[in-house]
Every structure is written in structure tokens, then in C-alpha cells.
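Mapping of the sequence shown onto numbering that gives the first Met the number 0: residues 0 to 489, in sequence order. Where a beta carbon is used, it is the ideal one built from N, C-alpha and C, also for glycine.
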Amino acid sequence: MERRDFIQGAASGMLLAAARNLQSQSAHDRTIGIQVGAVSFIDEGTEKVLDELQQDASVNTLFVATFTYGRGIAGRQVPGQPLPDHGKQQYDTDTFHGGSYTAIHPQYYQNTVLKDFRAPEFGTYDVLESVLPAARKRGMKTICWYEDVFRRDVPNIEKLQEKDLYGRNATTLCFNNPDYSNWLTAIAEDWSRSYDIDGIMWGSERQGAFSNALGASHGGASDPGRVTCFCSFCEAKARQRGISVPRARAGFLELEKFVRAARAKQRPVDGYYVSLWRLMLKYPELLSWEMLWTDSLRETYAAIYGKVKAVKPSLGVGWHIWHNNSFNPIYRAEQDLAELSQHSDFLKMVMYNNCGGERMATYINNVGSTIYGDVPAQELLDFHYRVLDYQEKSLAEIPKTGLSADYVYREAKRAAEALAGTKTKLWPGIDIDIPTAADHSKCTPDGTKEAVLAAFRGGAHGVILSRKYSEMMLADLKGAGAALKQMGIA
Ligand SMILES: [Zn+2]
Numbered sequence: 000m001e002r003r004d005f006i007q008g009a010a011s012g013m014l015l016a017a018a019r020n021l022q023s024q025s026a027h028d029r030t031i032g033i034q035v036g037a038v039s040f041i042d043e044g045t046e047k048v049l050d051e052l053q054q055d056a057s058v059n060t061l062f063v064a065t066f067t068y069g070r071g072i073a074g075r076q077v078p079g080q081p082l083p084d085h086g087k088q089q090y091d092t093d094t095f096h097g098g099s100y101t102a103i104h105p106q107y108y109q110n111t112v113l114k115d116f117r118a119p120e121f122g123t124y125d126v127l128e129s130v131l132p133a134a135r136k137r138g139m140k141t142i143c144w145y146e147d148v149f150r151r152d153v154p155n156i157e158k159l160q161e162k163d164l165y166g167r168n169a170t171t172l173c174f175n176n177p178d179y180s181n182w183l184t185a186i187a188e189d190w191s192r193s194y195d196i197d198g199i200m201w202g203s204e205r206q207g208a209f210s211n212a213l214g215a216s217h218g219g220a221s222d223p224g225r226v227t228c229f230c231s232f233c234e235a236k237a238r239q240r241g242i243s244v245p246r247a248r249a250g251f252l253e254l255e256k257f258v259r260a261a262r263a264k265q266r267p268v269d270g271y272y273v274s275l276w277r278l279m280l281k282y283p284e285l286l287s288w289e290m291l292w293t294d295s296l297r298e299t300y301a302a303i304y305g306k307v308k309a310v311k312p313s314l315g316v317g318w319h320i321w322h323n324n325s326f327n328p329i330y331r332a333e334q335d336l337a338e339l340s341q342h343s344d345f346l347k348m349v350m351y352n353n354c355g356g357e358r359m360a361t362y363i364n365n366v367g368s369t370i371y372g373d374v375p376a377q378e379l380l381d382f383h384y385r386v387l388d389y390q391e392k393s394l395a396e397i398p399k400t401g402l403s404a405d406y407v408y409r410e411a412k413r414a415a416e417a418l419a420g421t422k423t424k425l426w427p428g429i430d431i432d433i434p435t436a437a438d439h440s441k442c443t444p445d446g447t448k449e450a451v452l453a454a455f456r457g458g459a460h461g462v463i464l465s466r467k468y469s470e471m472m473l474a475d476l477k478g479a480g481a482a483l484k485q486m487g488i489a
């Protein structure tokens, strides 16, 4: 061999090795997460589930639903939806209850009246105690995943509930109520001290009174008389911020009248949009109250973050950011990622594309009955595509087709740009078989694959396969795995 050839050969060998090293490093850095609840480990066996997750989608991080009263992330498939091709072929309608799927260590709950919240359905089973060692052995990380969803029959819950415009208790809890804010940090401290976990994720799928009054989300039409929160803690906080509580109440009572009239198609003389602006100009407290709620949520993030970091700085702490971020421009405006990054090691920005079509259509229908009552629905959708910066099919089509992978790409790119220069990792939530109406779009292996590829192409540092393993078809999960293989990180 000529010397020159030898040097060239050695150099290219070194380059190859360097490339391989870079690849394995970045593969290691990329979080391939999945949301999974206790029921899956119980029904299918811990090792079997972990085998499947590693084989099908190279999962390296478990987001275990350690606390919730909701069916979105815990329990088996929701009733009315087809059971997936794994797990017990039976609905848990009669047995699902929710709560904490880990032991409760009472010493952490001295400063809250919320002490009795253990999920009863699996006896003394502790999902962390059971799954952590098995995951650790495989080099998988475990993140505790909990959400802002409660039942009405939890002991003492009424003392934590928000108050609506008329002083009635809501089913939601108030971030400014010390019994709730203390509980939120207490449970994070409990997990951080009691178990060898890798991090905490919390999510709140709610918004403030102004957006709620307008029904500006993809949920069912909300009652404008039930907007929150007007409890004594929130009113005191408002006064501290210089917001007049009586004027805020007066403004929301006017807004309630506006929304009820709009839904009854009683058009104001100057139309819906102009009349709403008149109300906002007369009562800027409407927006102040919205921001009071949003700031309280941000303070909750900061409190949980601070508590966990005080226990163990190496634990990762981040937030699930609600799908409404893709639909409602007001809610999106409140998700200031640079601001959020101060107290976020990672953000799970929801970018569920398949169910996104159905959800966007519902959102358009909701705001088309209030603030935009004068705008034809397709025009209203086109306007939202423009201001939210993505471009999808027509209103008639999207429930049947879902949103495309390009939606995921654009949402990931936008979030990555907003987070540039911060410490915060972007891990988009990827839709794998999130329930939709029977005649609406369903996930496919290819669709899942394209969504994962789009998220990374947009600049994501990882993905979180959502919402729960117990509702996913294995073929669609394997679609995510195929994307990772194609990228050379599986
Ligand atoms: Zn309150």
C-alpha cells in the first residue's frame, strides 16, 4: 500500500469512527419516551411490556402515569373505542378509579389537607417500586408523569376547588389555594426522595376565565357562568396586582351575557367581533384575570421545579403543554416558551396530528359560535392556519384525514426556534391511536412514522409517544420505531 493511500485510508477510517461515535452519542441524547400507566404492567407483565417498548420503538424513557384521576393517561382503553392488540381484552369501566399509583409517604403531606388519594384498584401495588428496577437494568429512564385532573369524591377536595363567577365550587382545583399548591410540590418531593427516578413531568390541560368563557378550546362548549377562579385566594392575589375584583366580576357577567346571546344567534348591532372588543376595552380586567390565572400556572411550574431541584438537581423537570396550543391563538400567546424555559428542563409540546383534525374542527365550531360568529367556518379555519402558521386541508376534510406530518414539522420548528439558546429540550408529544370518533381519521403505521420523522426534522431533541400504551396498536407503535431506524438512531 502506498503511503498516501494508507494515510487516506486511516483518515477515512477515523472519520467513520468519529461519525459512528457522534451517531451513538446523539442517539443516547435523544429521548424516545412513551407514556404508560400501571394497568399495562399489571395486565401484561413488566418485563413483557419493556421488551415490547424496546423492540418496537427503541423506547429509552418511561413516562409512568404515577398520579391522575383521568382516563387519558391511566386505565385501559376508554369505553366505546376498540381494544388494542395487546393487554387484557376487557374494558375497565367498572374498576377504574384513579389517584396515586405509588405508595403515599405521609411525612410529605403535612401542609395540605389532601392526604387520601391512593388509587384503590390495584391494592398496595406501587408502580415505581415495581417498574424502576426493571427499567434501570435495561438502561431505561423513568419519569413520573402526573396531571391536574381530580374526582369530586376525594376526601377534602372541596377545600381546594376553584370558585366560579357565582361563587359555586368548580371541579378544578385552584393553584393559589395553599392546600393545592403545597400538595403539587409535596407529591413531587415524595417521588424525588422516595424513589430512584430520573425526573418529573406535570401537565394542566386548562386555561383562564376569558378563553374559557369564549369556549376557545377543542373541548365541549363551556358554560360562561362557570368560569374560574374567584376564590378568596385569587381575589387577594388580584388586589395585590392592582386589579379591581368588582370590575372583573362585572366584566365577566357582561361576557357571560354576550356568549349566551351569541350561541342563541342573537347578533349584536355591531356584530360579534366588534362587540367583544368593546367589552374588552371597557373591562380590561377580562384580560388581567386571564393572565392572573396563567401567571399562577407559571408560578406552579416554578414551585415544582424549585422543589425537585432542591431535592436532587440532576432530576429533569418539565411540562406537558396542552393541544389547545395548536388551535387557540390566545392560549398560544400565553405559552411564551422563552419565559417557560426558565423553569423547564424539557417541554412536551403536544403535536398530536391524527386527532388534531377532529380537534381543530371542534375548536373552529366553538369560537365560530362566540367571538367569530360573523365569519364563515372555512374562512375562520383559513385565518387560523395563517396566524398559527400551518396549512392543512378543508374543514370538511380534516376530521376524516387528521392533520398531516407537515403540521408536526411546523409546530416542532416553531417551538425549537422559540427555545433556541435556552437549556430546555423539546420533546413533542406524538399521537399513537388517541381516540377519535368512529368515522374519523385513525392512526396508521406510516402516519406515525412520518410524524416522528417530521418532529426530528423540525428540530426536536426527542419524542414522547402518547397518550398511553394501553390504547396503542403495536403496528402503529412500530411505525415510530421505523422512523427511528430510518434515522439511524434505533
Ligand atoms: Zn382561586
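Residue burial is scored here from C-beta neighbours: residue 70 has at least 16 other C-beta atoms within 10 angstroms and is therefore classed as buried. Linking residue 38 to residue 467 through their CA atoms gives a straight-line distance of about 10 Å. Taking the Cα of residue 349 as reference, the smallest distance to any Cα among 355, 322, 342 and 120 is reached at 322. Residue 193 is a Cβ neighbour of residue 104, given a cutoff of 8 Å. By alpha-carbon distance to residue 113, the top candidate from 98, 127 and 120 is 98. Collapsing the DSSP output to three states places residue 280 in a helix.
Here the distance from the Cβ of residue 149 to the nearest heavy atom of ligand 1 is not below 7 Å.
For residue 145, no alpha helix (DSSP H) segment is defined; the enclosing uninterrupted segment is the beta strand (DSSP E) at 140 to 146. Counting along the chain, the unbroken alpha helix (DSSP H) around residue 383 starts and ends at 376 to 387. Residue state for residue 75 is assigned as coil, using DSSP reduced to three classes.
Checking the 7 Å criterion, the Cβ of residue 284 is out of range of every heavy atom belonging to ligand 1.
Around the Cβ of residue 161, a 10 Å sphere holds 16 or more other Cβ atoms; the residue is buried. With a threshold of 7 Å, the Cβ atom of residue 181 does not count as near ligand 1, since no heavy atom of the ligand is closer than that.
The continuous beta strand (DSSP E) containing residue 160 extends over residues 160 to 162. Within the model, the alpha-carbon separation for residue 342 versus residue 265 is close to 45 Å.
Residue 409 is a Cβ neighbour of residue 389, given a cutoff of 8 Å. Judged by DSSP in its simplified three-state form, residue 299 adopts helix. Here the region 465 to 480 does not lie against the region 362 to 372, with fewer than 3 beta-carbon pairs under 8 Å apart. Looking only at 115, 124 and 110, the smallest Cα-Cα distance to residue 44 is reached by 124. Distance from the C-beta of residue 175 to the nearest heavy atom of ligand 1 is below 7 Å. In the structure shown, residue 486 falls within a coil segment according to DSSP collapsed to helix, strand and coil. Annotation: the continuous beta strand (DSSP E) that includes residue 200 extends over 198 to 202. The region 418 to 437 and the region 375 to 386 do not touch, with fewer than 3 CB-CB distances between them shorter than 8 Å. Contact annotation: the region 192 to 208 touches the region 126 to 146, with at least three C-beta pairs closer than 8 Å.
Proximity of the region 447 to 456 to the region 392 to 412 meets the contact definition, three or more beta-carbon pairs being nearer than 8 Å.
For residue 168, the uninterrupted beta strand (DSSP E) segment begins and ends at 168 to 172. Taking the C-beta atoms as reference points, residue 174 is found no nearer than 8 Å to residue 288. For residue 64, the secondary structure class from DSSP, reduced to helix, strand or coil, is strand. Membership of residue 359 in any beta strand (DSSP E) is not indicated; the residue belongs instead to the alpha helix (DSSP H) covering 353 to 366. Ligand 1 approaches residue 161 closely enough that one of its heavy atoms is under 7 Å from the residue's Cβ. Pairwise C-beta distances place the region 126 to 143 out of contact with the region 291 to 307, as fewer than three of them are shorter than 8 Å. The beta carbon of residue 232 sits closer than 7 Å to at least one heavy atom of ligand 1. For the pair residue 360 and residue 312, the CB atoms are not nearer than the 8 Å cut-off. Rounded to whole angstroms, the separation of the alpha carbons of residue 240 and residue 449 is 47 Å. Distance between residue 284 and residue 249, taken at the CA atoms: about 9 Å.
DSSP, read as helix, strand or coil, puts residue 184 in helix.
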